[in-house]
Amino acid sequence: MSKQRKRRHDQVEENPSYQENVASIGPRPGPKASNKGGQDGHIETLMTKFSAKTRTTKEIEATVPGEPKYSVETWLPSSFDYYPSIKHKATELRHQGKLADALKLLRDFEKFLLSGDVALLPNDAEGVIDVDAQEEQPERWKWQVNCGEDGWKDFDQNANDIVEAALAQGKETVEFPGFRGAPYTLHFELLLQTNLRSGYSRPVRRHKL
């Protein structure tokens, strides 16, 4: 291996993002095809890889003191989520029949992802978006109680957090402070809340925001 190639190899291997990028991108396609059909196939392969999202798990602190943490699964953005202009430009070139240009753009983008070297980022990667801002947030839910003629009313935030934490921990029931601080219990399977003072029960539901 020449000194120049070895230096380049060491730069890629030492880059912190190397292993993560390789895992999400996968192996590079073979040599450039000599026909449009082959080029289009390579383009499709690269665009699929750069569109792939990665599953991750986050630990969330319990809202009730003494209760254990619970995990929430979410998805990290794809390479195209970080650099949407690359996807748009490659798609535009592909639709115009400029397959060689589209393939070159995607391969240059691949080199940047594998190395982490910003100098290799294609000129078309304008308007790079904030990585942290693009991380997908966990789904948000709001618990509601059926108040008869008044319709469904939201739990207050404290009660909602307590119930969500208990559900994530796999509990069958949970106690929480309800209307005017009265103690309530919620049964997840029956979807009923019961006032522990009066014994009166009402239907509840979990509503996606």
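Following our numbering, the numbering of the sequence shown begins with 2 at its first residue and continues without gaps.
C-beta: ideal position from N, C-alpha, C; glycine also.
Values in this document were obtained by computation on a predicted structure and should not be read as measured data.
Here the alpha carbon of LEU114 sits roughly 21 Å from the alpha carbon of GLU93. Spatial neighbours of SER202 in its own chain (CB-CB distance under 6 Å, excluding positions within 5 residues in sequence) are listed in chain order as LEU193, THR195.
Inter-segment contact for the stretch 40 to 47 and the stretch 100 to 116 is present: three or more beta-carbon pairs are separated by less than 8 Å. Taking all protein chains shown into account, LEU187 has 16 or more neighbouring C-beta atoms within 10 Å of its C-beta and is therefore buried.
In terms of Cβ geometry, VAL205 and TRP142 do not form a close pair [threshold 8 Å]. 8 Å or more divides the Cβ of LEU168 from the Cβ of PRO184. Beta-bridge pairing by DSSP links GLN40 to no other residue. Ranking PHE177, HIS208, GLY39, SER80 by CA distance to the CA of PHE51 puts SER80 first. ALA160 is positioned such that its CB atom lies closer than 8 Å to that of PRO178.
By the beta-carbon neighbour count (other beta carbons within 10 angstroms, threshold 16), LEU191 is exposed.
From the listed residues HIS208, GLY67, MET48, the smallest Cα separation to ASN147 is found for HIS208.
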